[in-house]
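>
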Amino acid sequence: MLKTEKHDRVDSDEEGIAMKFPQLYWLVGAVLWVCTCPLLASEKPNFVLITCEDISPHLGCYGDPDAITPHLDRLASQGVRFTQAFTHAPVCAPSRSGIITGMYPTTLGTHHMRSKLVKTPPLFTDYLRKAGYQVVWPPAAGGIGKTDFNFDVPKGWVDLRVDWTAKPEVLRPPFFAIYNITVTHESQVRASRYQYVRNTARLTPQQRHDPNQVRIPPYYPDTWAVRDCMAVYHDNITAMDYIVGDILKLLDEKCLSQNTIVIFYSDHGAGLPRAKRWPYDSGLRVPLIVRWPGVIPAGSVRDDLVALLDLAPTLLALAGVDIPTHMQGRVFLGPKTQSPPEFLFAARDRMDEAYDRIRSVRDKRYRYIRNFHPDLPYMQYINYMDEMPIMRDWRRLAFEGRLNATQKLFMARTKPQEELYDISNDPYEIKNLAQSPEHQEVVRRMREALERWIRETKDLGEIPEAELIRRGIVHDVLSQEYEARRKLHPRTPPVPPED
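Note that this note's numbering has the sequence shown beginning at 5, numbered continuously upward.
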C-alpha cells in the first residue's frame, strides 16, 4: 500500500538522498529498470491517471518559487508539461462530470455544484471496456476513487473497484487505472493542527514553508491567517508529491512504466478564495503532465490550449477507439491529434447554496468573463467556503474599512457585466479592461465566441434549476438541502456598503 498522508514518515534516509540528489537518484533507478524489466508485449498502451484536488500549477516544474515537488518535476522531465491547460468548471463535481464524459456540464445538466442527474450519461470508461481494456477504479473510501460526478454510477460500471497501488497484481494489460490524492483538498488547508501533522508527516523541516516567506496574491489582505493558509497549501502539495513518487516507483518496480501513459492533473485550480469556484485562471488553470516513454520527447513543453474535457476523446483515440460524436473535446496527443482551438470555455453556476451564472472565455492571452447577474456580489455567503480563515479575515477587514483598492475589488456590492484581463501583463486578473477603448475589438471577438458557444452547446444554464427539476433532468436537491443552508447565513450583508 502507498504511504499516504495518514502514515508516518518512513525510509527517511532514502528520501533524503532523493531530495538532495534527485538527478543521480533517478538516473541509477532508470539504469536498474532498463536492466531488469522486459518490454511488454501489449500493443495498446496502459493508462494511469494520477489526479489531485484543488491546486493550480504551483509546482517546481512550472517555475513556482515556493514549490518543493521533486517527483512531479522528474515526471515533467520525462514527458511533456502543458502550460495552458484548463478545466471547464472551477469546482470539483462539475469538473469531474466533464472529464468522465467528455462533455460540458452545461450541456449535460451537471453545471450546478451538488446537483444530480436523473440518468447517467455515457462515460469514456464504457468505451475503453468495450475495446478490451480492464478499468480499475479504487473504492471511494479515503477519496482515492472519487465518483463525484453529479450523477450516480451504475453497478458494475468498471471491472474492479480496488486500491491497485496496494494490489498491483490485479492489473492486466491493457488497463486503465486511476488514483486520486486528497491531501491538497481545500478542507486540508484549514484542517486541525493534528490533521496537518498527519498530512505532512513525511516532510523534512527544510521542506516546510515559513508563513512569513510565502508569496500571497495581491488581492488577499496580508494577515497571519492568510499567510498560514498559503504555507499549509504549499506543504500539502509537497505531501502530495511524495505520494506521486510512490506511484511512479511502484510502476517501475512492477515493470509497467515502459508501456504505460501516465497523466497527472488537478481537478481545478487552488482550493482558496477567489480561486476555487471562480472562472479566473486561479480557479481554472491546472497542472497537466503526460509521460509516454519512447513517444513523447522527454522534457518537452507545449503551450497550446488544452482542456480537461479533452482527456476523454484523447484516451479513446490512443486506445484505438472511435470517438463518439457527442463528445465535445479534442484529441491532443498521438497520431490523431487535432488542431488546437482558438478559445476555451468555462462556466460557474450555483455553488452550494449561492446562486450565480458566470461564463468565461480564454484564448492564449486574454480572459473574458460575462456576469449574467451583475447585481449579485462576488462574495455571497457560502457556508463551506466561509470556514476558510482567509475568508474570515477578508470579510472582517472589508467591514472594518482596512482593505486597499486591490483587496476591495472582490468585496464590491455588485459585479461588472463584462470583464477582460490581459493575462500576459496581469496574471492575477486585477485590472478589468472591458471598458478600455483599446480593447474593444478583443471584447467583441470573445463576446461573440461566447454567444456562439452558448448556442452550439445548448447551455442549460439559461434554464432555472427548478425547471430542470420539473423536466426530470436533475433531482431536487434545492428544497431538500440547499434552501436550509441559506437559513444558516449571518443576518448581516456578505459585503459592506459601497463607499
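Glycine included, every Cβ here is placed at the ideal spot set by N, Cα and C.
Since we're looking at a predicted model, the values are computed, not measured.
Could you pull the DSSP bridge partners for residue 355 from this structure?
358, per the DSSP bridge assignment.
> Helix, strand or coil: how does DSSP classify residue 23 here?
Summary for residue 23: the model assigns pLDDT 42, below 50, so the residue's position carries little reliability; its value from the coordinates is reported in the next sentence. Residue 23: helix per DSSP, three-state reduction.
> Leaving aside the five residues before and after residue 204 along the sequence, list all residues of the same chain whose C-beta is less than 6 Å from its C-beta, in chain order.
Closer than 6 Å at Cβ, skipping near neighbours: 239, 243.
> Under a three-way DSSP split, which group does residue 348 fall into?
Here residue 348 sits in strand by DSSP.
> Please confirm whether residue 309 and residue 368 have their CB atoms less than 8 Å apart.
Yes, they are a contact pair.
> Short of 7 Å in beta carbon distance, which residues of its chain neighbour residue 426, apart from the five on each side in sequence? Order them along the chain.
These residues qualify, in order along the chain: 369, 370, 437.
> Counting only runs that start and end within the region 284-314, where is the beta strand (DSSP E) found for 3 or more residues in a row?
The qualifying runs are 292-295, 304-306.
> Quick check on this structure: which residue in 197, 260, 195 has the alpha carbon closest to the alpha carbon of residue 181?
Checking every option, the nearest Cα to that of residue 181 belongs to 260.
> Determine the extent of the beta strand (DSSP E) in which residue 374 is found, giving its start and end residues.
Note, residue 374: beta strand (DSSP E), 370-375.
> What are the partner residues of residue 56, as DSSP defines its beta bridges?
Its beta-bridge partners are 185, 270.
> Could you compute how far the alpha carbon of residue 215 sits from the alpha carbon of residue 432?
Near 20 Å, if we compare the C-alpha coordinates of residue 432 and residue 215.
> Taking the CB atoms as reference points, tell me whether residue 478 and residue 120 lie closer together than 8 Å.
Cβ atoms of residue 478 and residue 120: closer than 8 Å.
> Which residue marks the beginning of the beta strand (DSSP E) containing residue 84, and which one marks its end?
Residue 84 -> beta strand (DSSP E) spans 84-86.
> Give the DSSP bridge partners of residue 89, in chain order.
According to DSSP, residue 89 bridges with 310.
> I need the straight-line Cα distance from residue 307 to residue 292, nearest angstrom please.
Rounded to the nearest angstrom, the two C-alpha atoms are 11 Å apart.
> Would a C-beta distance cut-off of 8 Å place residue 468 and residue 419 closer than the cut-off?
Contact flag unset, no.
> Considering only their Cβ atoms, is the gap separating residue 373 from residue 283 smaller than 8 Å?
Yes.
> Taking the beta carbon of residue 298 as the centre, do at least 16 other beta carbons fall within 10 Å, making it buried, or is it exposed?
Residue 298 should be labelled exposed.
> Helix or strand or just coil, what does DSSP make of residue 363?
Strand, per DSSP.
> For residue 198, count neighbouring Cβ atoms within 10 angstroms of its own Cβ and tell me buried if that reaches 16, exposed if not.
Residue 198 is exposed by the Cβ-count criterion.
> Can you tell me where the beta strand (DSSP E) with residue 424 in it begins and where it stops?
Counting along the chain, the beta strand (DSSP E) containing residue 424 begins and ends at 422-426.
> Please report whether the beta-carbon of residue 456 lies at a distance below 8 Å from any beta-carbon of chain C.
The question asks about chain C, but that chain is absent: this structure has only one protein chain.
> Could you check how far apart the C-beta atoms of residue 57 and residue 189 are, in whole angstroms? I think they sit under 8 Å.
Contact holds; Cβ gap of about 4 Å.
> Applying the criterion that 16 or more other CB atoms from any shown protein chain within 10 Å of the CB defines a buried residue, is residue 42 buried or exposed?
Low confidence applies to residue 42: its pLDDT is 46, below 50, so where it sits in the model is not reliable, and the reading given next is rough at best. That one is exposed.
> Is the distance from the Cβ of residue 166 to the Cβ of residue 237 below 8 Å?
No, the Cβ-Cβ distance between residue 166 and residue 237 is not below 8 Å.
> Within this structure, are the beta carbons of residue 60 and residue 274 separated by less than 8 Å?
Yes, Cβ-Cβ distance for residue 60 and residue 274 is below 8 Å.
> Please determine, among 277, 271, 62, 501, the residue with the shortest C-alpha to C-alpha distance to residue 97.
Selected option, being the one with the closest Cα: 271.
> Assuming residue 126 and residue 112 form a contact by the criterion Cβ under 8 Å, report the distance between their Cβ atoms to the nearest whole angstrom.
Actually they do not touch by this definition, with Cβ atoms about 10 Å apart.
> Starting from residue 447 and walking both ways along the beta strand (DSSP E), at which residues does that stretch end?
Segment 444-460 is the alpha helix (DSSP H) holding residue 447; no beta strand (DSSP E) there.
> Can you tell me whether residue 475 is helix, strand or coil according to DSSP?
In the structure shown, residue 475 sits in coil (DSSP, three-state: anything other than H, G, I, E or B).
> Can you find at least 3 beta carbon pairs, one from the region 440-451 and one from the region 379-389, that sit closer than 8 Å?
Verdict: no, contact absent.
> Restricting to Cα atoms, I'd like to know which of 130, 248, 278 is closest to residue 522.
Only positions 5 to 503 of the chain appear in the structure, and residue 522 is not among them; the question remains open.
> Where do the N-terminal and C-terminal ends of the beta strand (DSSP E) with residue 138 fall, by residue?
Looking at the DSSP string, the run of the beta strand (DSSP E) that includes residue 138 is 138-140.
> Check for me: the alpha helix (DSSP H) holding residue 398 runs from which residue to which?
Looking at the DSSP string, the run of the alpha helix (DSSP H) that includes residue 398 is 393-403.
> Need the endpoints of the alpha helix (DSSP H) that residue 233 sits in, please.
Where residue 233 is concerned, the enclosing alpha helix (DSSP H) stretches over 228-257.
> If I measure Cβ to Cβ from residue 488 and keep anything under 6 Å in the same chain, skipping five residues before and after, which residues do I get?
Closer than 6 Å at the Cβ level, and outside the excluded window around residue 488, lies no residue.
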